[in-house]
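J.: Dropping a structure here in structure tokens format, bear with me for questions.
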């Protein structure tokens, strides 16, 4: 409360989440991670669009519509994820796998870099291998919540420093 006026000037709001400074740093990293991966998906979309004769301006309305729909998905899945409920009653990881493989093939066929869609396919594949094929694709949260092999593809094998 003592620093609220300064925080409101710097950030436009004061969102105090407790005394642990690691919490604020963690929330910042969460936001930054979402920012970079979202922007990279947009860059991938533009690369694919360009390979097919479209411009960034041509796909902007579609990109906006897609981005704006995400808040509804966040709201829908939040309670389910917090409850550990990944029942495949609305969607199934296997169905999503077919979709992300199609995205990968579309990018490859267009001759654009496939590193990002290939990483998405790999994550879905690991979820399938973990036995989640008939579960909701939200089960990927459980897959992502476990350390990966530190010797493969530069993935980290230990927890980060925040909130340990």
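Numbering (the numbering used here), first residue to last: 28 to 191.
Each residue gets a CB set at the ideal place from its N, CA and C atoms; glycine is no exception.
A quick note: this is a predicted structure, and the numbers were derived from the prediction, not measured.
1) Which of the three DSSP states, helix, strand or coil, is assigned to residue 117?
2) Using only the alpha-carbon positions, how far apart do residue 30 and residue 68 sit?
3) Taking C-beta to C-beta, are residue 154 and residue 170 nearer than 7 angstroms?
4) Do you know how far the Cα of residue 123 is from the Cα of residue 137?
5) Give a yes or no on whether the C-beta atoms belonging to residue 120 and residue 148 are separated by under 7 angstroms.
6) Note down the Cα distance separating residue 157 from residue 173, rounded to an integer number of angstroms.
7) So, helix, strand or coil for residue 183, using DSSP?
8) Going straight from the alpha carbon of residue 48 to that of residue 61, what length do you get?
9) Would you call residue 113 buried or exposed, if buried means 16 or more other Cβ atoms sit within 10 Å of its Cβ?
10) In whole angstroms, what separates the C-alpha of residue 175 from that of residue 150?
11) Looking at the unbroken alpha helix (DSSP H) that takes in residue 46, where does it start and where does it end?
12) Does the structure place the region 73-88 close enough to the region 98-115 that three or more beta carbon pairs sit under 8 angstroms?
13) Taking 6 angstroms as the cut-off, is the C-beta of residue 48 nearer than that to any heavy atom in the ligand PLP?
14) Would the beta-carbon of residue 94 fall within 7 angstroms of that of residue 86?
15) Taking residue 106 as the reference, which of 165, 159 and 146 has the closest Cα?
16) Roughly how many angstroms separate the alpha carbons of residue 162 and residue 116, rounded to a whole number?
T.: Inspection of the coordinates gives the following:
1) In the chain shown, the residue the question calls residue 117 occupies position 90. Reduced to three states, the DSSP call for residue 117 is coil.
2) In the chain shown, the residue the question calls residue 30 occupies position 3. In the chain shown, the residue the question calls residue 68 occupies position 41. C-alpha separation (whole angstroms): 37 angstroms.
3) Your numbering for residue 154 matches position 127 in the chain shown. Your numbering for residue 170 matches position 143 in the chain shown. Yes, Cβ-Cβ distance for residue 154 and residue 170 is below 7 angstroms.
4) One-based indexing of the chain shown puts residue 137 at position 110. One-based indexing of the chain shown puts residue 123 at position 96. Between residue 137 and residue 123, the C-alpha separation is close to 21 angstroms.
5) Indexing the chain shown from 1 puts residue 120 at position 93. Indexing the chain shown from 1 puts residue 148 at position 121. Going by C-beta atoms, residue 120 is not nearer than 7 angstroms to residue 148.
6) Numbered from its first residue, the chain shown carries residue 157 at position 130. Numbered from its first residue, the chain shown carries residue 173 at position 146. Taking the straight line from one Cα to the other gives about 11 angstroms.
7) For this step, residue 183 is matched to residue 156 along the chain shown. Confidence is the limiting factor: at residue 183 the pLDDT is only 49, short of 50, which leaves the residue's position unreliable and the question unanswerable from this model.
8) Working through the chain shown from its first residue, we reach residue 48 at position 21. Working through the chain shown from its first residue, we reach residue 61 at position 34. Each residue's Cα considered, the two are about 20 angstroms apart.
9) Position 86 of the chain shown, counting from 1, holds the residue named residue 113. Under this definition residue 113 is a buried residue.
10) In the chain shown, the residue the question calls residue 175 occupies position 148. In the chain shown, the residue the question calls residue 150 occupies position 123. Cα to Cα, the separation comes out at about 11 angstroms.
11) Here residue 46 refers to the residue found at position 19 when the chain shown is read from its first residue. Looking at the DSSP string, residue 46 is not in any alpha helix (DSSP H), and its letter there is neither H nor E.
12) no
13) No copy of the ligand PLP occurs in the structure displayed, which carries no ligand at all.
14) For this step, residue 94 is matched to residue 67 along the chain shown. For this step, residue 86 is matched to residue 59 along the chain shown. Result no, Cβ atoms of residue 94 and residue 86 do not sit closer than 7 angstroms.
15) Taking the first residue of the chain shown as 1, we reach residue 106 at position 79. With distances taken between Cα atoms, residue 106 lies closest to 165.
16) Taking the chain shown and counting its residues from 1, the one referred to as residue 162 is at position 135. Taking the chain shown and counting its residues from 1, the one referred to as residue 116 is at position 89. Taking the straight line from one Cα to the other gives about 8 angstroms.
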